[in-house]
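J.: Have a look at this one before I ask anything.
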Amino acid sequence: MKQQVTKRVHIVEGIDWKAAIVALLESRSPYRPWRYGFGEARKGDPVAIVLHTDPRTVMTALGSIGTDGRRDRAVVDWSLPAPGLVDLDSLVMLLGLDGDCDPRDTWVLRGDAALRLEQALIEANHRRDAAMRFGHSSVAAARVLLRSGGRCTGCNNLIDLTGEDARDSFRIRTVDGPVRDAAEVLIKDEWGASSYVEQGIPANCWRPTLPADWPGVLCRACCTRMDEDGCTSLLGFRFSQHPKCPKCGAQQARAAQFGMPINRDVYVDTPPWVDWQGCCNDGHKWSCAVCTHEW
Ligand SMILES: [Zn+2]
Ligand SMILES: [Zn+2]
Numbered sequence: 014m015k016q017q018v019t020k021r022v023h024i025v026e027g028i029d030w031k032a033a034i035v036a037l038l039e040s041r042s043p044y045r046p047w048r049y050g051f052g053e054a055r056k057g058d059p060v061a062i063v064l065h066t067d068p069r070t071v072m073t074a075l076g077s078i079g080t081d082g083r084r085d086r087a088v089v090d091w092s093l094p095a096p097g098l099v100d101l102d103s104l105v106m107l108l109g110l111d112g113d114c115d116p117r118d119t120w121v122l123r124g125d126a127a128l129r130l131e132q133a134l135i136e137a138n139h140r141r142d143a144a145m146r147f148g149h150s151s152v153a154a155a156r157v158l159l160r161s162g163g164r165c166t167g168c169n170n171l172i173d174l175t176g177e178d179a180r181d182s183f184r185i186r187t188v189d190g191p192v193r194d195a196a197e198v199l200i201k202d203e204w205g206a207s208s209y210v211e212q213g214i215p216a217n218c219w220r221p222t223l224p225a226d227w228p229g230v231l232c233r234a235c236c237t238r239m240d241e242d243g244c245t246s247l248l249g250f251r252f253s254q255h256p257k258c259p260k261c262g263a264q265q266a267r268a269a270q271f272g273m274p275i276n277r278d279v280y281v282d283t284p285p286w287v288d289w290q291g292c293c294n295d296g297h298k299w300s301c302a303v304c305t306h307e308w
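So for the sequence shown, my numbering puts the first residue at 14; every next one is plus one.
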């Protein structure tokens with residue numbers, strides 16, 4: 014008869030969240046910001062990674078113990094896009110993880126509590142929320158750094174995160190969330206025809222709605238260039254590297270991207286200076302966000 018194995022989830026804490034994310038993004042990093050209590054651990058046991066942002070968060074991608082053959086360390090791996098971060102206090106409250114099941118006090122969750130935490134994180138990993146990229150908290154900054162994958166948002170180059178000074182080799186730009194527009198009223202006449210039908214579709218309805226700015230991680234060179242150029246927004250900085258529109262002269266050209274994103278989350282995560290164009294490549298490189306001209 015096969016023995017019933019009790020489910021376990023181990024907790025690993027990154028006390029310094031920035032160093033912890035650098036260590037996650039760059040396996041050669043000398044940073045070791047982790048605290049953990051792997052007592053009895055089995056190969057393949059899931060590991061929840063808690064970051065000491067304010068408030069504390071837990072990563073939606075779970076690690077696992079010993080998948081690289083070593084029982085004394087956990088490995089976490091993720092595909093695109095980067096994992097999310099969930100507020101730990103709220104998660105504990107919603108899952109009813111109290112007493113010796115509280116992941117803020119214990120290093121190992123067992124049985125039903127372990128199952129519930131694991132399931133909640135797996136589910137959260139499938140539910141990305143685009144609004145979470147905005148705001149100025151350390152949680153928003155940690156999300157931006159995770160999402161960067163260690164790449165500068167200004168120039169797309171990989172940032173060297175291998176040194177002791179890695180945490181000073183980039184700057185995280187956080188931005189305000191957009192204020193939502195009031196709903197547009199679509200007027201219908203007594204025959205049920207909408208004003209759009211009567212008047213034709215206005216040309217500006219094809220114009221993309223751009224956010225005021227975009228969060229990102231900037232390498233030292235891009236920080237200097239932005240300061241020297243007097244750029245006050247990362248969005249403006251990226252557009253300044255693209256050509257002006259030959260039709261209207263606006264400096265808001267989006268780079269055409271042909272093909273399909275690998276999943277919906279990657280599509281939602283696309284920065285506003287990139288324009289997905291589908292699979293039919295007609296050879297144009299740019300589309301103007303102001304007049305919609307393509308060239
Ligand atoms: Zn850069
Ligand atoms: Zn234009």
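All C-beta atoms, glycine included, are put in the ideal place defined by N, C-alpha and C.
Identify whether aspartate 181 lies in helix, strand or coil by the three-state DSSP scheme.
T.: Here residue 181 corresponds to residue number 168 of the sequence shown, with the count starting at 1. DSSP places aspartate 181 in helix when its eight states are reduced to three.
J.: Beta-carbon of histidine 23 versus every beta-carbon of chain D: anything under 8 Å?
T.: Here chain D cannot be found, since the structure has a single protein chain.
J.: Given this structure, state the Cα-to-Cα distance separating alanine 225 from glutamine 290, to the nearest angstrom.
T.: Indexing the sequence shown from 1 puts residue 225 at position 212. Indexing the sequence shown from 1 puts residue 290 at position 277. Going from the Cα of alanine 225 to the Cα of glutamine 290 covers about 22 Å.
J.: Would you kindly report the start and end of the unbroken alpha helix (DSSP H) that includes serine 161?
T.: Residue 161 sits at position 148 when you count from the first residue of the sequence shown. 151 to 161 is the span of the alpha helix (DSSP H), which, as asked, contains serine 161.
J.: DSSP puts histidine 255 in a beta bridge; with which residues?
T.: Within the sequence shown, the letter at position 242 stands for residue 255. None; histidine 255 has no bridge partner.
J.: Within 10 angstroms of its Cβ, does threonine 175 collect 16 or more other Cβ (buried), or is it exposed?
T.: Reading the sequence shown from its first residue, position 162 is the one you call residue 175. Exposed.
J.: Determine the contact status of valine 152 and valine 230, defining contact as a CB-CB distance below 8 Å.
T.: Looking up residue 152 in the sequence shown gives position 139. Looking up residue 230 in the sequence shown gives position 217. No, they are not a contact pair.
J.: Distance check for histidine 255 and aspartate 242, CA to CA, integer angstroms please.
T.: Within the sequence shown, numbered from 1, the residue matching residue 242 stands at position 229. Within the sequence shown, numbered from 1, the residue matching residue 255 stands at position 242. So the alpha carbons of these two residues sit roughly 15 Å apart.
J.: Pick out every residue whose C-beta is nearer than 5 Å to a heavy atom of ligand 1: which are they, in chain order?
T.: Any residue whose Cβ sits closer than 5 Å to a heavy atom of ligand 1 makes the list: Cys165, Gly167, Cys168, Cys232, Cys235.
J.: Comparing C-alpha positions only, which one of Ile275, His65, Gly249 sits nearest to glutamine 264?
T.: For the purposes of this step, residue 264 is identified with residue 251 of the sequence shown, where counting begins at 1. Cα-wise, what sits closest to glutamine 264 is Gly249.
J.: Which whole-angstrom value is the C-beta distance of lysine 20 and leucine 128, which I expect to be below 8 Å?
T.: In the sequence shown, counting from the first residue as 1, residue 20 sits at position 7. In the sequence shown, counting from the first residue as 1, residue 128 sits at position 115. With a Cβ gap of about 5 Å, lysine 20 and leucine 128 count as contacting.
J.: Of all residues in the structure, which have a C-beta closer than 5 Å to any heavy atom of ligand 2, taken in chain order?
T.: Checking every Cβ against the heavy atoms of ligand 2 under 5 Å gives Cys258, Lys260, Cys261, Ala263, Cys301, Val303, Cys304, His306.
J.: For valine 281 versus leucine 93, is the C-beta distance shorter than 8 Å?
T.: In the sequence shown, counting from the first residue as 1, residue 281 sits at position 268. In the sequence shown, counting from the first residue as 1, residue 93 sits at position 80. Contact: no.
J.: Considering Cα atoms alone, identify which of Ser42, Gly79, Pro43 is closest to valine 319.
T.: Because the chain here runs from 14 to 308, residue 319 falls outside it and cannot be looked at.
J.: Closer than 7 Å by C-beta to glutamate 177: which residues in its own chain qualify, once you throw out the five before and the five after it? Chain order, please.
T.: One-based indexing of the sequence shown puts residue 177 at position 164. Hits under 7 Å: Pro43.
J.: By DSSP, does methionine 239 sit in helix, in strand, or in coil?
T.: Position 226 of the sequence shown holds residue 239. Note: methionine 239 maps to helix in three-state DSSP.
J.: Should methionine 14 be labelled buried (16 or more other beta-carbon atoms within 10 Å of its own) or exposed?
T.: Residue 14 sits at position 1 when you count from the first residue of the sequence shown. Note that methionine 14 scores a pLDDT of 49, beneath 50, so its modelled location is shaky and nothing firm can be said.
J.: Count the other CB atoms within 10 Å of the CB of alanine 143; is the residue buried (16 or more) or exposed (fewer)?
T.: In the sequence shown, residue 143 corresponds to position 130, counting from 1. Alanine 143 should be labelled exposed.
J.: By how many angstroms is the C-alpha of glutamate 136 removed from the C-alpha of methionine 72?
T.: Residue numbering aside, residue 72 sits at position 59 when the sequence shown is read from its first letter. Residue numbering aside, residue 136 sits at position 123 when the sequence shown is read from its first letter. Cα to Cα, the separation comes out at about 12 Å.
J.: Which residues in the same chain as glutamate 39 place their Cβ atom closer than 8 Å to its Cβ, once the five residues preceding and following it in sequence are excluded?
T.: Position 26 of the sequence shown holds residue 39. So the qualifying residues of the chain are Gly163, Leu174, Thr175, Ala179.
J.: Along the chain, where does the beta strand (DSSP E) containing tryptophan 289 start, and where does it finish?
T.: The residue given as residue 289 occupies position 276 in the sequence shown. 287 to 289 is the extent of the beta strand (DSSP E) around tryptophan 289.
J.: Quick one: Cα of arginine 238 to Cα of glycine 57, how far?
T.: If you number the sequence shown from 1, residue 238 lands on position 225. If you number the sequence shown from 1, residue 57 lands on position 44. Taking the straight line joining both Cα atoms gives about 46 Å.
J.: Have a look at the DSSP bridge pairing and note the partners of cysteine 232.
T.: As a working note, residue 232 is residue 219 in the sequence shown. Paired residues: Phe183.
J.: Using 8 Å as the threshold, is the C-beta distance between tryptophan 219 and valine 188 below it?
T.: One-based indexing of the sequence shown puts residue 219 at position 206. One-based indexing of the sequence shown puts residue 188 at position 175. Cβ distance not < 8 Å, so tryptophan 219 and valine 188 don't count as in contact.
J.: Within this structure, are the beta carbons of glycine 76 and valine 89 separated by less than 8 Å?
T.: Locating residue 76 in the sequence shown gives position 63, where the first residue counts as 1. Locating residue 89 in the sequence shown gives position 76, where the first residue counts as 1. Against a cut-off of 8 Å, the Cβ pair of valine 89 and glycine 76 comes out as a contact.
J.: Since tyrosine 49 sits in a beta bridge, which residues does DSSP pair it with?
T.: Numbered from its first residue, the sequence shown carries residue 49 at position 36. The partner list for tyrosine 49 (beta bridge, DSSP) reads Val25.
J.: Using the beta-carbon count (16 or more within 10 Å), is isoleucine 34 buried or exposed?
T.: To locate residue 34, count along the sequence shown from 1; it is residue 21. The residue in question, isoleucine 34, is buried, as its Cβ has 16 or more Cβ neighbours within 10 Å.
J.: Could you tell me the distance, in whole angstroms, from the CA atom of leucine 108 to the CA atom of leucine 130?
T.: To locate residue 108, count along the sequence shown from 1; it is residue 95. To locate residue 130, count along the sequence shown from 1; it is residue 117. Using only the alpha carbons, I get a separation of about 7 Å.
J.: Which one of His23, Asp29, Val287 has the shortest CA to CA distance from asparagine 169?
T.: Residue mapping note: residue 169 aligns to position 156 of the sequence shown, counting from 1. Comparing Cα-Cα distances from asparagine 169 to each of His23, Asp29, Val287, the minimum goes to Val287.
J.: Count the other C-beta atoms from every protein chain shown that fall within 10 angstroms of the C-beta of lysine 31, then say buried if there are 16 or more, exposed otherwise.
T.: Locating residue 31 in the sequence shown gives position 18, counting from the first residue. It counts as buried.
J.: Under three-state DSSP, which class holds aspartate 100?
T.: Here residue 100 corresponds to residue number 87 of the sequence shown, with the count starting at 1. Strand, per DSSP.
J.: Where do the N-terminal and C-terminal ends of the beta strand (DSSP E) with tryptophan 227 fall, by residue?
T.: Locating residue 227 in the sequence shown gives position 214, where the first residue counts as 1. Where tryptophan 227 is concerned, there is no enclosing beta strand (DSSP E), given that its DSSP letter is neither H nor E.
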